[in-house]
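Shown next, in structure tokens, is the structure this report addresses.
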Amino acid sequence: MTDPSDATAADEGGVDEAVTRVDEAVTRVDEAVTRVDEAVTRQVRASSAPIRQTSTFAPAEAAAVTAELPAQRPPSPTFARRPVEHIRPRRQPAPATLQILVWLLALIFLIVAVGAIVALASPNALSFLRNSGPAALQIVSSTAG
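Here the sequence shown stands for residues 215 to 359, numbered as in the working numbering.
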């Protein structure tokens, strides 16, 4: 029969080999990712590099001397610039009570306007309002006396 300690040692050796293979695979993947990152970085830098322009008012030798900062024309304005004026600060909204009062007056005006239009279009449409006034006064006068 075999000794159990020999079987345990064999299992540990197999596990160690598997761990070593996994570590090597991880290292290869890391190296591949690093190569891809470097290639992408080179591509991005190449595509975003500024285009060097030669100066239209200086000789080519001057452009070679100032290659770090290429001479460029200022952009031509496509619209007329307005003169600088005093900038007014932004106005604050009206107080809440004033806003409510204005909306209330607008609502009253709207009700009166609708009533006037209805009265002009069909005078009998608002007859219930004309007839209800004296009846209300009779109820008040009968309870007072």
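Every residue, glycine too, gets a C-beta built ideally from N, C-alpha and C.
Bear in mind that the values here come from a model prediction, so they are computed numbers and not experimental data.
Judged by DSSP secondary structure, ILE325 falls within the alpha helix (DSSP H) whose first and last residues are 310-335.
When the five nearest sequence neighbours on each side are left out, the beta carbons in the same chain lying within less than 8 Å of the beta carbon of GLY329 are those of LEU340, in order along the chain. Collapsing the DSSP output to three states places SER262 in coil. A straight-line Cα-Cα distance of about 20 Å links VAL233 and ALA246. Rounded to the nearest whole angstrom, the C-alpha separation of ARG304 and GLN313 is 18 Å. Shown here, GLN257 sits in a helix according to DSSP, grouped into three states.
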